[in-house]
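Chemist: Dropping a structure here in structure tokens format, bear with me for questions.
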Amino acid sequence: MAEPAHAVYDFSAPLLDGRTVCLADFRGRVLLIVNTASKCGFTPQYAGLEELFRAYKDRGLEVLGFPCNQFGAQEPGSAEEIGAFCEKNYGVSFPVFAKIDVNGEFAHPLYRFLKGEKSGIFGTEAIKWNFTKFLVDRQGKVVERYGPSTEPKALAVAIEELIASPA
């Protein structure tokens with residue numbers, strides 16, 4: 013029987029270009045993991061996510077985008093279309109992974125872990141919509157979950173606190 017996951021570092025996922033990335037590659041960094049979509053009312057949050065990434069990447073932040081088409085079919089595009097959209101419209105330079113499911117039978121194991129570590133409103137584990145955000149400390153532990161309506165800039169203080177703590 014496999015050992016249970018204890019940190020986000022126990023997972024891997026393919027990027028939009030198909031290369032698999034082990035999240036252990038981000039060990040010692042603060043992570044903001046977000047399920048994204050290109051045709052959502054919250055899609056403009058890509059700009060705020062990119063601002064956070066640019067402001068804090070040199071101090072230890074990584075933003076990881078995980079496109080998902082489970083909510084209103086708001087991420088219908090191919091990997092190439094998603095990548096082009098993110099770059100053209102928001103100048104996204106943080107890693108964007110291949111499209112995944114975040115809920116249900118085919119949910120990516122990373123998202124099963126994240127939801128188990130930090131439940132949502134009223135204790136529900138299910139992701140309710142695009143742009144749900146998980147903040148992870150330098151040790152790979154999930155410290156907070158934020159709903160889609162939480163603007164990325166609202167996370168700046170929490171990110172700074174985690175960046176200031178030792179790896």
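Numbering-wise (the numbering used here), the sequence shown opens with residue 13 and increments by one.
Beta carbons: idealized from backbone N, C-alpha and C, even for Gly.
1. Below 7 angstroms CB to CB, which residues in the same chain sit around M13 once its five sequence neighbours on both sides are set aside?
2. Quick check on V114 - is its C-beta less than 8 angstroms from some C-beta in chain C?
3. DSSP three-state call for P164: helix, strand or coil?
4. Does the distance from the CB of L27 to the CB of A110 come in under 8 angstroms?
5. So Y102 packs on I171, CB below 8 angstroms; how close in whole Å?
6. Return the Cβ separation of T48 and F78 in integer angstroms, given the expectation that the two are a contact with Cβ distance under 8 angstroms.
7. Assign E62 to buried or exposed, taking buried as 16 or more other Cβ atoms, counted over all protein chains shown, within 10 Å of its Cβ.
8. Here's the rule I'm using: 16 or more other beta-carbon atoms within 10 Å means buried, otherwise exposed. How should H120 be labelled?
9. So what does DSSP say about S24, is it helix, strand or coil?
10. Name, in chain order, the residues that DSSP records as bridge partners for I139.
11. Measuring only the C-alpha atoms, how far is P88 from R66?
12. For C98, name the three-state secondary structure that DSSP assigns.
13. Would you list, in sequence order, the uninterrupted beta strand (DSSP E) runs of no fewer than 3 residues that lie entirely inside the stretch 32–75?
14. Are the CB atoms of F143 and Q57 nearer to each other than 8 angstroms?
15. With respect to the beta strand (DSSP E) encompassing R157, which residues constitute its N-terminal and C-terminal limits?
Modeler: This is what the structure holds:
1. The sequence position of residue 13 within the sequence shown is 1, counting from 1. For M13, the predicted structure reports a pLDDT of 45, less than 50, and the residue's modelled location is therefore unreliable. A value from the coordinates is still provided. So no residue of the chain qualifies.
2. The chain labelled as chain C is not found in the depicted structure, where only one protein chain is given.
3. Position 152 of the sequence shown holds residue 164. Correct three-state label for P164: helix.
4. As a working note, residue 27 is residue 15 in the sequence shown. As a working note, residue 110 is residue 98 in the sequence shown. Yes; because the gap between Cβ atoms is below 8 angstroms, this pair is in contact.
5. Residue mapping note: residue 102 aligns to position 90 of the sequence shown, counting from 1. Residue mapping note: residue 171 aligns to position 159 of the sequence shown, counting from 1. In fact, because the Cβ distance is near 19 angstroms, the residues do not count as touching under 8 angstroms.
6. Position 36 of the sequence shown, counting from 1, holds the residue named residue 48. Position 66 of the sequence shown, counting from 1, holds the residue named residue 78. Confirmed, Cβ separation roughly 7 angstroms.
7. Your numbering for residue 62 matches position 50 in the sequence shown. By the 10 Å Cβ count, E62 comes out buried.
8. For this step, residue 120 is matched to residue 108 along the sequence shown. Its Cβ being crowded by 16 or more others within 10 Å, H120 is buried.
9. If you number the sequence shown from 1, residue 24 lands on position 12. Strand, per DSSP.
10. Walking along the sequence shown from the start, residue 139 turns up at place 127. None; I139 has no bridge partner.
11. For the purposes of this step, residue 88 is identified with residue 76 of the sequence shown, where counting begins at 1. For the purposes of this step, residue 66 is identified with residue 54 of the sequence shown, where counting begins at 1. If you take the alpha carbons of P88 and R66, they lie about 27 angstroms apart.
12. For the purposes of this step, residue 98 is taken as residue 86 along the sequence shown, with counting starting at 1. Of the three classes helix, strand and coil, the one that applies to C98 here is helix, per DSSP.
13. 32–34 and 42–48
14. In the sequence shown, the residue the question calls residue 143 occupies position 131. In the sequence shown, the residue the question calls residue 57 occupies position 45. Cβ distance < 8 angstroms, so F143 and Q57 count as in contact.
15. Start at 1 with the first residue of the sequence shown, and residue 157 comes out as number 145. Note, R157: beta strand (DSSP E), V154 to Y158.
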